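As structure tokens, the structure follows; a few thoughts come after it.
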Amino acid sequence: MHLVKPTTARLKRTLGLIAALFISTLAIAQENSPYSRYGIGDIAPNQNMVNRGMGGISAGYSDFQSINFINPASLANLKNTVFDIGASIDIRNLKSNNSPEKFKSVNTFISYLQIGFPIASQKFQKKGNFWGVSFGLRPVTRINYKIEKNERLPNLDSLRTLFEGTGGITQANISTGIKLKNFSFGASTGYSFGSKDYSTRLNLINDTVIYYKSNTATKTQFGGAFLDLGMQYEIRFNNKDSAHPNRRRGVLRLGAYAKLQQNLSGKRDNIAETYADDGNGGTPTIDTVSSTLGVKGTIKVPATYGAGFTYANDNWLWGADIEMTNWDSYRYYGQKDAVQNTYTFRVGAQYFPAKINTPASKYWSFVKYRAGFYYGNDYIKLDDNNRANYAFTFGAGMPLTKIQRNYYEAARDGDVVLNAGVELGGRGNKKSQSLREGLLRFNIGINMSARWFTRYKYD
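Structure (structure tokens):
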């Protein structure tokens with residue numbers, strides 16, 4: 041039997057789909073999230089689409105078909121070159137406990153773009169050791185809000201206040217993981233960069249007196265290196281298949297990771313000015329009241345620690361994680377903010393109906409079905425009550441190319457998988473005096489694995 045893999049054609053089709061996804065996603069408007077005004081903004085989901093479908097479990101997860109960028113130790117198990125891209129649609133509903141009014145915002149954004157591949161030599165692999173690397177780009181936080189407040193002053197003037205903010209943090213990363221027998225360890229480093237721009241515009245409205253409008257703005261650019269560390273330990277059970285001694289039957293994987301504290305170097309501009317509306321949407325400055333440019337400072341992003349496990353056999357995978365972040369150490373130019381230490385618990389599972397080496401004709405038998413849940417407290421704290429941060433998650437991994445019946449076919453031949461999912465959750469509770477936020481998030485990712493530069497024949 042001869043088998044020649046159409047690797048080049050598959051790459052072209054998939055990369056074309058990735059480019060189209062990028063263009064269509066970037067064309068959609070930004071969200072309006074009032075809570076992104078605090079701290080470093082809204083924390084973006086930081087798992088890949090496979091893990092998100094299982095409540096975000098990542099510490100003990102390892103997969104040769106996807107890139108787990110939470111725990112770099114998992115990269116040691118990469119068997120092929122892997123492209124992994126994901127995008128999300130956030131639908132948020134905001135409601136105040138003190139008002140019947142509701143507000144809705146919709147945002148579409150690229151979650152990550154990663155590429156990974158194995159680099160271990162055959163001699164290294166024969167000793168039971170493996171080595172993989174990856175690099176990519178992903179947003180870590182997002183700042184985007186526009187809030188208007190109207191009020192009547194005692195002297196009968198009306199005051200309109202507009203709060204606006206944009207920015208966020210993005211990471212460019214390179215990661216590696218090495219596996220020595222059953223123990224894997226890894227590291228991820230790179231550069232975090234971004235901005236935090238916010239302004240407050242005041243407009244006094246009077247029937248007879250014309251007031252100048254004022255704007256107070258702070259614009260900060262920052263960047264710095266980061267370092268993440270991870271480890272995993274693998275324990276195998278019930279392996280009775282002598283023909284395939286590495287078959288995944290009963291694998292317990294323990295994992296832990298640490299995202300070390302970052303000290304981002306910043307330059308800040310503070311401007312106070314009066315302005316006017318030119319009738320065409322512009323706001324030309326009339327007079328600069330004060331200006332302080334290029335003020336240097338540091339943004340301290342706190343450390344995060346996590347640990348967990350997964351247990352997998354031929355058809356099932358389940359696991360749990362716990363994660364903690366020391367937000368009490370957060371500082372923005374030496375100043376604290378309305379933030380607090382956080383914890384998050386995650387549980388999740390995956391079911392793969394197809395039986396190893398058993399013929400099956402139904403496509404849906406080869407889909408991987410996922411579900412999970414996470415719960416914790418939000419890192420933003422505006423009153424004496426903690427705001428819960430939680431979601432139920434569901435997902436599916438759907439093959440787009442040749443259906444693989446077992447682990448070894450997929451590892452050898454590579455494939456393309458569409459990972460889709462949904463998260464239903466929110467932030468806040470009825471005890472808190474701040475806004476409650478309902479969240480409906482749709483996730484979609486394209487994962488492609490293939491062996492490059494080689495055409496195989498099997499006789």
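The sequence shown runs contiguously to residue 499 in the working numbering.
C-beta: ideal position from N, C-alpha, C; glycine also.
Predicted model, so just to flag it, every value in this text is computed and none were measured.
Output needed for residue i: all residues of its chain with C-beta closer than 7 Å, excluding positions within five of it in sequence on either side, in chain order.
i            : result
glycine 168  : Lys221
serine 98    : Gln87, Asn91, Asn108, Ile110, Asn111 and Asp361
arginine 236 : Per the sequence shown, the amino acid found at residue 236 is lysine instead of arginine. Correct list, in chain order: Ile183, Gly207 and Thr260.
Tell me whether residue i sits in a helix, a strand or coil according to DSSP, three-state version.
i                 : result
phenylalanine 493 : Unreliable positioning characterises phenylalanine 493 in this predicted model, as indicated by a pLDDT of 43, which lies under 50. The coordinate reading is nonetheless provided below. Correct three-state label for phenylalanine 493: coil.
aspartate 455     : strand
alanine 69        : Residue confidence for alanine 69 is low, a pLDDT of 44 falling below 50, so the modelled location carries little weight; the figure read from the coordinates is stated next. If DSSP states are grouped into helix, strand and coil, alanine 69 belongs with coil.
alanine 212       : strand
histidine 42      : Note that histidine 42 scores 34 on pLDDT, short of 50, meaning its location in the model is unreliable; the coordinates nonetheless yield the value given after this. If DSSP states are grouped into helix, strand and coil, histidine 42 belongs with coil.
tyrosine 101      : coil
alanine 116       : helix
asparagine 88     : coil
glutamine 165     : helix
serine 405        : helix
tyrosine 75       : helix
isoleucine 159    : coil
arginine 481      : strand
tyrosine 419      : coil
threonine 441     : coil
glycine 205       : strand
glycine 226       : strand
glutamine 302     : strand
serine 128        : strand
isoleucine 110    : coil
leucine 153       : strand
asparagine 469    : coil
aspartate 82      : strand
Spatial neighbours of residue i within its chain, please: C-beta separation below 8 Å, excluding the five flanking residues on both sides.
i              : result
tryptophan 367 : Gly79, Pro342, Val379, Gln380, Asn381, Thr382 and Tyr419
threonine 210  : Leu177, Arg178, Pro179, Val180, Ser232, Phe233 and Gly234
serine 369     : Gln301, Lys340, Pro342 and Ala343
Assign residue i to buried or exposed, taking buried as 16 or more other Cβ atoms, counted over all protein chains shown, within 10 Å of its Cβ.
i                 : result
tyrosine 505      : The structure shown does not extend to residue 505, since the chain is modelled only from 41 to 499, so the question has no answer here.
aspartate 124     : buried
glutamate 477     : buried
aspartate 424     : exposed
glycine 334       : exposed
proline 158       : buried
isoleucine 486    : buried
glycine 207       : buried
glutamate 363     : buried
tyrosine 414      : buried
isoleucine 218    : buried
isoleucine 326    : exposed
asparagine 190    : exposed
arginine 386      : buried
threonine 201     : exposed
glycine 348       : buried
leucine 357       : buried
aspartate 317     : exposed
phenylalanine 149 : buried
lysine 332        : Rather than lysine, the amino acid found at residue 332 in this sequence is threonine. By the neighbour-count rule (16 or more Cβ atoms within 10 Å), threonine 332 is not buried but exposed.
asparagine 246    : exposed
tyrosine 401      : The question names tyrosine, but residue 401 is serine in the sequence shown. With fewer than 16 other Cβ atoms within 10 Å, it is exposed.
isoleucine 484    : buried
Does the CB of residue i have a neighbour CB from chain B at under 8 Å?
i             : result
threonine 201 : In the displayed structure, chain B is absent; only one protein chain is listed.
Please look up how many angstroms separate the CB atoms of residue i and residue j, rounded, as I've assumed it's under 8 Å.
i                 : j              : result
lysine 16         : leucine 242    : Shown here, the chain extends from 41 to 499; a query on residue 16 therefore has no answer.
serine 102        : glycine 126    : That belief does not hold up - the Cβ atoms of serine 102 and glycine 126 are roughly 18 Å apart, past 8 Å.
tyrosine 273      : leucine 294    : 5 Å
alanine 227       : aspartate 268  : 7 Å
asparagine 117    : glycine 172    : 7 Å
asparagine 355    : tyrosine 391   : 7 Å
phenylalanine 262 : leucine 304    : 4 Å
alanine 436       : tyrosine 409   : 6 Å
threonine 441     : valine 456     : 5 Å
leucine 292       : tyrosine 351   : 5 Å
lysine 142        : leucine 153    : In fact, because the Cβ distance is near 34 Å, the residues do not count as touching under 8 Å.
alanine 113       : glycine 270    : 4 Å
lysine 74         : isoleucine 187 : Contrary to the premise, residue 74 reads as proline rather than lysine in this sequence. About 6 Å; that satisfies the 8 Å criterion.
Closer than 6 Å by C-beta to residue i: which residues in its own chain qualify, once you throw out the five before and the five after it? Chain order, please.
i                 : result
tyrosine 251      : Leu244
arginine 77       : Tyr185 and Gly205
phenylalanine 266 : Ser232 and Gln302
arginine 481      : Ser128, Asp130 and Glu463
alanine 312       : Thr256, Val329 and Ser330
glycine 388       : Met94, Gly95, Ile97 and Gly412
arginine 371      : Lys340
phenylalanine 170 : Ala116, Ala160 and Lys219
glycine 466       : Glu477, Gly478 and Leu479
asparagine 417    : Thr382 and Asn426
Inset, instruction - Would you list, in sequence order, the uninterrupted beta strand (DSSP E) runs of no fewer than 3 residues that lie entirely inside the region 319-395? - result: Fully contained in the region 319-395 are the following beta strand (DSSP E) runs of length 3 or more, in chain order: 325-341, 344-352, 356-365 and 382-391.
Inset, instruction - Starting from the N-terminal side, write out each stretch of the alpha helix (DSSP H) that is 4 residues or longer and does not extend beyond the region 229-277. - result: Counting whole runs of 4 or more residues, the region 229-277 contains no alpha helix (DSSP H) stretch at all.
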